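Contents: one structure, followed by commentary.
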Amino acid sequence: MTLLVALAIQPSIVLGVGLLLRLGLAKRSAALRHRVLAAALLAAALVVPVGLALPEWNVTLPARAIDAGPAVSPASTAEPPTMVALQPSIPGTLSPIVFGWLAGVLVAAGRLIAGLVRVARVAARASRVEDGRWLHILATIAGRYGLTRRIVISRTDSPDLLATWGIVRPHVLLPHHVRDWTLDRVHAVLCHELAHIRRHDWIVQIGAETLRAILWFNPLAWMVCMRLRRESEQACDDEVLGMGVDGREYAAHLLALASQCRRHASTWASAMPMAHPSTLERRIAAMLDPRLDRQAPSRRAMAALGAVLLLVTLAVASVRARQAGPAPLTGTIYDVTGGVMPGVEVTLVDANEITQVVVSTASGRFEFAPVGPGKYVLSATLPGFRSLRHEFELRNAGDWDRAITLQVGELRES
């Protein structure tokens, strides 16, 4: 299996399993669904590299037999036939596909890097919030969340940026109209943003966006990234409610923030924006529903789901899908001592009596034009050696490479 085919198939299976697990956990907490999707993305990123280190489990894909060309008879030419090296047709057809994939990766990665640079510039120009009341609220929430890292609150010159950014030294980036906020809104916003920091959502989302840049052609990667962001926001909403914020009051704050931060969410895709108008209705409905599960996932649940994804990843990574032809039929001719034999005339006849004739090279190798699965007769002749006639069938991928041993002929003296 080529690398590009592996990138197209193996991660898709893992991501599909992750989406199915998320669907089965629809009545569980958003935090659990978010971790399932994050684990599925990590498994999808590792499935191809892990597959290179695992033993192969070959799965042969069926293929249609093709005609090898016009019939050729050894007696139809006066000159001894010579071998013409033919390259397989499959790799050559992949070149435009590989080029297109690389071009897509460059475009997607360029957009992600440009977004990171833009947010970094906005954060560099932002002014720190030194209000003692804000800092007291920040310290109180960080203590309740168990955060020990230094967190910076910055007021940017953007009217619509309300997000968390960074991992080593996280920043809470606020729009320039924060002076008009009440302390209750400040408390709700910081509860939400520090929940992102405690859960490491920024680095998880950036990793997901990086994988999506590599798998830009895969709709499952886009679906998982979109749902990962949704579950992250809802999980942080649950954390805010767990901090004692009233659901109706929090919903009112979100509606007000969404009306002020109207720019499309993709503008700040490299950050973790708080108020997404596209997901606001679902989030408000969830925070006002007292029946929803808002508990953090238990270690037992995470261990069980991790085991499922690990088994799926190992099983998918060990599979090698090989197409059983049409491919060049190759082989090597040896004598009884194991030495290679050049100049051996090798004939291949298929079920339709179409014949190909080649001569082994100095290294004893021969190669026929691409042939598909089916039954064939292979003959090899060389003066001084017994003629060989072998009937066989091409089915598995390994059948397209043969090893032939010629026996020494009988010596007669007169």
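Each number in this note's numbering comes from the position in the sequence shown (counting from 1) with 856 added on. Ideal placement from N, C-alpha and C gives every residue a C-beta, glycine not left out. Note that the structure is a prediction, hence the values are computed from the model and not measured.
Are the CB atoms of residue i and residue j nearer to each other than 9 Å?
i, j, result
"L1289", "V1080", "No answer is possible for residue 1289: it lies beyond the span of the chain, which begins at 857 and ends at 1270."
"V1192", "E1201", "no"
"A1019", "A900", "no"
"Y1190", "D1206", "no"
"A1107", "I1140", "yes"
"V1032", "I1007", "One detail in the question is off: residue 1032 reads as His in this sequence, not Val. No, the pair does not count as a contact, with Cβ atoms beyond the cut-off."
"L1161", "A882", "no"
"P1229", "E1209", "no"
"R967", "A1069", "yes"
"A1159", "P1184", "no"
"C1117", "L1017", "yes"
"R1055", "G1002", "no"
"V822", "T1186", "The displayed coordinates of the chain run from 857 to 1270. Any statement about residue 822 would go beyond what the structure contains."
"R1251", "L1234", "no"
"G1098", "R1150", "yes"
"V892", "A1173", "no"
"W990", "L1046", "yes"
"H1109", "A1064", "no"
Who are residue i's beta bridge partners in DSSP?
i, result
"I1260", "I1189"
"Y1106", "Answer is none; Y1106 lacks a bridge partner."
"V1214", "V1202"
"W1037", "None; W1037 has no bridge partner."
"L1167", "L1167 is not bridged to any residue."
"V1028", "I1009 and T1020"
"P1075", "According to DSSP, which records beta bridges pairwise, P1075 is partnered with nothing at all."
"P905", "Paired residues: none, contrary to the question."
"V1196", "Y1190"
"A882", "DSSP, once it has assigned bridges, lists no residue as partnering A882."
Residue i: buried (16+ other C-beta within 10 angstroms of its C-beta) or exposed?
i, result
"G1220", "buried"
"A1218", "exposed"
"E935", "Low local confidence applies: a pLDDT of 37 at E935 is under 50, so the model's placement there is unreliable, with the coordinate-based value given in what follows. Per the 10 Å Cβ criterion, exposed."
"G907", "buried"
"T1004", "exposed"
"P930", "Only weak support exists for where P930 lies, its pLDDT of 36 falling under 50; the coordinates are left without a value."
"A862", "buried"
"H992", "exposed"
"L824", "The chain is shown only over 857 to 1270; residue 824 falls outside these bounds and no answer can be derived."
"E1137", "exposed"
"R1085", "buried"
"T1038", "exposed"
"V1264", "exposed"
"H1246", "exposed"
"A1163", "exposed"
"L1167", "exposed"
Query raised in the report: Would the region 996-1011 and the region 952-963 be scored as touching if the rule is three or more Cβ pairs under 8 Å?
Result: For the pair of segments examined, the region 996-1011 was found not to touch the region 952-963: the number of CB pairs separated by less than 8 Å stays below three.
Report task. Could I get the ranges of all uninterrupted beta strand (DSSP E) runs contained in the region 941-1019, with 3 residues as the minimum, in chain order? Result -> The region 941-1019 contains these whole beta strand (DSSP E) runs: 1008-1011.
Query - Cβ pair count under 8 Å reaching 3, the region 974-992 against the region 1102-1109 - result: No, they do not touch.
Query raised in the report: Taking three-plus beta-carbon pairs below 8 Å as touching, is the region 1083-1093 in contact with the region 882-895?
Result: Contact annotation: the region 1083-1093 touches the region 882-895, with at least three C-beta pairs closer than 8 Å.
Query raised in the report: Which runs of the beta strand (DSSP E) fall wholly inside the region 1220-1264 and span at least 3 residues, in chain order?
Result: Segments of the beta strand (DSSP E) lying fully in the region 1220-1264: 1221-1227, 1230-1237, 1244-1250 and 1257-1261.
Report task. May I have a chain-ordered list of the alpha helix (DSSP H) segments no shorter than 4 residues that lie completely inside the region 1133-1160? Result -> Runs of the alpha helix (DSSP H) inside the region 1133-1160: 1133-1143.
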